[in-house]
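All residue numbers for the sequence shown refer to my numbering, where the first residue is 81 and numbers rise by one.
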Amino acid sequence: MSNSVFEARDEVVNEAAALCARLLEKWFGGVDEAIAALEAGQVDLADLALRSHIKQRKAMTVSAHMNIQGFSREVLGQVA
């Protein structure tokens, strides 16, 4: 197994960490609850993260289906 090196600017890392902190706070109902969950076990956190990812993907799919023209404009804007 190879070791990968992931390099990113400090600003990118800080933004990602802030986003993760907000999600954890939302999932667990507060900062203290999130910290307790992190200390309790990583397996539960991985399950929760996967469920959240699936829920976000489903919401994005429904949103794209309901507004196909807006979604198409967004995709074309990113590709062009």
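For glycine and all other residues, C-beta sits at the position ideal for the given N, C-alpha and C.
Shown here, V92 sits in a helix according to DSSP, grouped into three states. In the structure shown, the three-state DSSP call for A120 is helix. Across the set M146, T141, A101, the C-alpha of A101 shows the shortest separation from the C-alpha of L125. Each residue's CA atom was taken as its position, placing V155 and A144 some 10 Å apart.
Counting the other Cβ atoms within 10 Å of the Cβ of A114 gives 16 or more, which makes it buried. For the pair D112 and V92, the Cα-to-Cα distance works out to about 25 Å.
Within its own chain, the residues whose Cβ lies closer than 8 Å to the Cβ of S132, once the five positions on either side in sequence are excluded, are L103, W107, listed in chain order.
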